[in-house]
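Note sheet for the following structure.
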Amino acid sequence: MIKRLILIIFILLIMPLTFAQQENYNDRTGLIINYDSHGEIILEGQSGFNSLTTTLNLNPLESPRQIVKSLSTDPEHYLDEENLVFEWGTFQNPFSYNVNSQIETKNNLYPVKHIQFPIQNLESKYEKYLDAGEIIDITPEIVNKASEIVSGETDLYSAVFKISEWVNANIEYNLSSTTADAALQSSWVLDSREGVCDEISSLFISLSRSVGIPARFISGFAYSNLNYDFENHGWAEVYFPGEGWVPYDITFEQFGWLDPTHIALDKSIDSGEASVRYTWRATNTELESSSFEDEKTIVSTGEKVDNPFNFEIEPLFYEVQQGSHVPVKVTMKNPFENKYVSNTITITKGPTIIENNRKQILLKPGQEGTVYWIMRVPSNLSKNLIYTAELEAKDLFEKRKSSQIKFGDSFDFISEQEANELVESLLEKEDRKYSEELSISCESEKEYYYDFEEINILCDVKNLGNTLLKNTKICLDTNCKNMDLKIGVKETLTFSNVEKKDPILITAKVNEIDLLTEIGVKIFSEPDVKILGLSYPKQIEYGKNFNITFTITSIAKVENLNIKLNNKDPSNLKKDSLSESVVMVANSKDFLSGEIFLKLDYTDEYGNEFFQKRNSEITITALPWYAKIISIFYNLF
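For the working numbering, add 2 to where a residue sits in the sequence shown, where the first one is 1.
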C-alpha cells in the first residue's frame with residue numbers, strides 16, 4: 003500500500019514537469035525571438051600579418067514572414083549581399099565577433115492561384131534555381147521518379163504538393179552517423195530512402211528542379227518538440243511565378259506554410275555550403291582553430307491565430323463489433339475561393355491506427371478535401387458490454403474536432419479488406435490530363451559566316467507537356483541525337499560543322515509529335531557593306547556648300563572604316579558604327595568633273611582589307627571662265 007501511494011504521488015509530481023514543455027507554437031500569430039551568435043578565430047603565427055576577414059553567412063534574413071527588428075555587432079560589420087563581413091587590421095588572437103539580433107516572425111499562409119504546369123516562360127533570373135548542384139544533384143533516376151510523381155498534373159501547386167507528399171512518405175528521417183556527419187547528395191538519399199532534414203530538403207529540391215520547378219535551399223533553425231528546444235534546421239522554398247517564394251518543410255510536414263519558430267539565416271542554390279568563411283593576408287600564418295555558437299530565446303508570443311480552416315471528423319461506421327477495422331474520414335473546406343492551399347491533419351485520439359496518424363490534405367480553390375484512416379478496434383474485450391471511444395483530430399493551427407465510435411459484440415463486424423475497399427471506392431479519382439507537347443527553337447551560333455568558317459547550330463528543345471518524353475530524336479539531315487526530355491525543362495544541343503546551305507532543316511520526333519524547323523544562314527565571301535540613301539542636290543551653283551548624306555550598312559562586322567569623298571577626306575571622318583546617317587559637308591568647287599566619287603576603306607574582323615566605290619553625277623552651274631577651263635581638263639582625263 004505504501005509503495006502504491008508513493009508511485010501515485012511520484013507520477014503526479016512528474017506530470018506537470020512533462021507537460022510544462024511547449025509542444026509547438028503553430029497556433030500563435032507570431033513570435034519575437036532573440037538570436038545571438040559568437041565566433042572565435044585563432045591564427046597560428048603572426049609574421050607579416052596584414053588583415054583577417056570573416057564572412058558570416060548565417061544571419062537573420064528579411065522576408066514577408068520574418069522582420070529583423072534589431073541587429074548589432076561587435077566589431078562593426080559591413081554587408082556583402084546579405085552576409086555579415088568582419089575585418090581586423092591588427093593581430094589580436096583570438097579574433098572574436100558577436101552578433102545580437104531580435105526577430106519577429108509572422109504565422110503567414112501562402113495560398114497560391116492556379117499556375118499552369120509545366121511552367122511556361124520562366125523569367126531568366128530564376129533559371130539558376132533549375133540547375134543541378136554538387137549536393138542537390140539531378141540524375142536520370144531523379145528525373146524518372148519526379149516525372150512519375152507529377153505525370154498528368156496541370157497545376158503547379160498540385161505538382162509541388164505531390165512531390166512533397168512522396169518525399170514525406172518514402173524518405174525516413176534518420177539521424178545516423180552516416181547522414182549526420184556530412185551532407186549527402188540527393189541521389190544517395192533517393193537510393194537509400196533516408197536522411198536528415200538537409201538531405202530530405204535537398205532531394206525535394208532536386209525532384210522539383212528536374213521537372214522545371216525553381217527551388218532553393220534555406221538554412222536556419224526551428225523549434226523541435228523532440229528536445230523541446232531550437233535546433234539547426236534546413237528546408238526549401240519553391241518559386242511560383244506571379245506569387246513569389248513559398249516555403250516547404252518536408253521534415254516538419256509543413257507544405258506551403260511554416261510555423262512561426264522557423265528563422266531563415268541563409269538561402270542558397272546548393273546545400274552543404276560553409277556557414278563561415280575566413281580569408282587572411284599574412285606570411286607564415288595558418289588557421290589554428292575556429293568556433294561558432296549561437297543562442298535562441300523566445301521573448302514573447304503573439305495572440306492565438308484566427309484559423310480560417312474548418313473541418314469535421316467522422317467514422318464511416320458509428321457502431322462496430324470488437325476487432326473491426328473502421329474507416330475514419332476527415333473533410334476540410336478550402337477558405338479561399340480562387341487559391342490552392344494545403345493543411346496537415348493529425349489524429350490525436352482514437353483506437354489503433356494501422357498507418358501514419360498524420361496526413362496532408364490538398365485543397366483546391368473553393369473545394370473540400372478529404373483524407374481517410376483505417377482504425378482497428380480492440381478485440382478480446384468483455385462481452386455484453388458496449389464501449390465508447392473518442393476520435394479527435396487537429397490541423398496545423400491546433401484546431402481540434404472530435405467524434406465517437408461504439409463497439410460491442412452485438413454490432414456488425416467490418417474486416418480490414420472491407421474497410422480498405424470502401425475507402426478505395428470513396429477516394430476521389432484524380433482527373434489527370436496527360437499531354438505531350440514539344441517546342442524546338444534553333445539558330446546559328448553566329449549571325450553570319452564567311453565561306454571559310456565552320457557552321458554550328460544551337461537548338462533549344464523544351465518538353466511543354468506533363469509527361470517524360472523518352473527517346474526524342476532531334477535530326478539535322480542524317481545527324482541525329484536521341485534524348486530524354488524532362489518535364490518543363492529546356493535542353494540545349496549543338497550540331498557542329500554543318501554543311502553550308504540555306505535553309506538548314508531540323509526535325510524533332512517523339513511518339514505522335516513530328517516538328518520541322520528551318521534556319522536561314524547568311525554566308526559571305528567578304529563583308530556585305532552597302533551604301534544606301536545617297537542624297538545631295540543634283541544641281542548647285544559654283545562655290546556653294548552643300549550636304550551629302552548617306553547610310554552605310556553591313557551585317558558582318560566592319561572595322562577601321564574610312565570614308566573619302568573625291569579622293570579627299572575633308573573632315574577626316576572615320577566611322578566604326580554602321581547604320582547611322584552620315585552627313586558630309588562639301589563645296590561645289592571640288593566637283594567640276596560633274597561626279598561625286600565615294601570610296602570606303604575597311605577591314606573585316608580577321609584584318610583582311612577591302613574597299614568599295616560609289617559614283618554619282620552632279621551638275622555645277624554658274625561656272626566662272628577659269629572653272630570652265632578646269633572642267634574641260636577633268637573631262638579629258
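Quick reminder that beta carbons are idealized off the backbone N, C-alpha and C, glycines included.
Remember, it's a predicted structure, so these values are computed and weren't measured experimentally.
Query, Result
"Can the beta-carbon of residue 476 be found less than 8 Å from the beta-carbon of residue 483?", "yes"
"Starting from residue 265, trace the beta strand (DSSP E) in both directions and tell me its first and last residue.", "265 to 270"
"Whole-angstrom Cβ separation of residue 222 and residue 267, contact assumed at under 8 Å?", "4 Å"
"Leaving out five residues on either side along the sequence, give the residues of the same chain with a beta carbon under 7 Å from the beta carbon of residue 164.", "151, 152 and 155"
"Would you kindly work out how many angstroms separate the C-alpha atoms of residue 262 and residue 208, rounded to a whole number?", "26 Å"
"Would residue 453 and residue 527 be called neighbours here (beta carbons separated by less than 8 Å)?", "yes"
"For residue 632 and residue 586, what's the separation of their Cα atoms in angstroms?", "24 Å"
"Report the CB separation of residue 107 from residue 44 in whole angstroms; it is logged as a contact under 8 Å.", "Actually they do not touch by this definition, with Cβ atoms about 35 Å apart."
"Label residue 86 either buried or exposed according to how many other C-beta atoms from any shown protein chain fall within 10 Å of its C-beta, with 16 as the threshold for buried.", "buried"
"Identify the continuous beta strand (DSSP E) that holds residue 476 and give its terminal residues.", "471 to 478"
"Do you know offhand how far residue 322's Cα is from residue 427's?", "20 Å"
"When DSSP labels each residue in this structure, what does residue 278 get in the three-state scheme?", "strand"
"Have a look at the DSSP bridge pairing and note the partners of residue 67.", "Answer is none; residue 67 lacks a bridge partner."
"Pick from 288, 598, 559 and 594: whose alpha carbon is nearest that of residue 47?", "288"
"State the start and end residues of the unbroken beta strand (DSSP E) segment that holds residue 234.", "231 to 242"
"Looking at C-alpha atoms only, which residue of 27, 141 and 253 is the closest neighbour of residue 230?", "27"
"Can you tell me which of 272, 354, 225 and 228 puts its alpha carbon nearest to the alpha carbon of residue 239?", "272"
"Pull up the distance between the alpha-carbon of residue 340 and that of residue 561, whole angstroms please.", "59 Å"
"According to DSSP, is residue 205 part of a helix, a strand, or is it coil?", "helix"
"Which term fits residue 611, buried or exposed, when burial requires 16 or more other beta carbons within 10 angstroms of its beta carbon?", "exposed"
"Quick one: give me the first and last residue of the alpha helix (DSSP H) that residue 188 is part of.", "188 to 194"
"On the three-state DSSP scale, how would you describe residue 393?", "strand"
"Answer yes or no: do residue 553 and residue 584 have a C-beta to C-beta separation smaller than 8 Å?", "yes"
"What are the complete beta strand (DSSP E) segments, minimum 3 residues, inside the region 88 to 114?", "97 to 108"
"Check the C-beta distance from residue 257 over to residue 126 and give it rounded, since I have them as a contact under 8 Å.", "Actually they do not touch by this definition, with Cβ atoms about 28 Å apart."
"For the pair the region 279 to 299 and the region 355 to 372, tell me if three or more CB-CB distances fall below 8 Å.", "no"
"Just the C-alpha distance for residue 629 and residue 569, rounded to the nearest angstrom, thanks.", "19 Å"
"Helix, strand or coil for residue 319 per DSSP?", "coil"
"Hey, out of 598, 447, 603 and 294, whose CA is closest to residue 1's CA?", "Since the displayed the chain opens at 3 and closes at 639, residue 1 lies outside it and no answer follows."
"Kindly give me the distance between the Cβ atoms of residue 388 and residue 408, rounded to whole angstroms, as I take these residues to be in contact under 8 Å.", "6 Å"
"Go through its chain and collect everything with a Cβ distance to residue 312's Cβ below 6 Å, but skip five positions before and after it.", "335"
"Leaving out five residues before and five after residue 174 in sequence, what residues of the same chain have Cβ atoms less than 7 Å from its Cβ?", "195 and 196"
"Which of the three DSSP states, helix, strand or coil, is assigned to residue 451?", "strand"
"Going by beta-carbon coordinates alone, are residue 404 and residue 315 separated by less than 8 Å?", "yes"
"Can you have a look at residue 574 and say buried or exposed, based on whether 16 or more other CB atoms are within 10 angstroms of its CB?", "Note that residue 574 scores 45 on pLDDT, short of 50, meaning its location in the model is unreliable; the coordinates nonetheless yield the value given after this. Looking at its Cβ environment, which holds fewer than 16 other Cβ atoms inside 10 Å, residue 574 is exposed."
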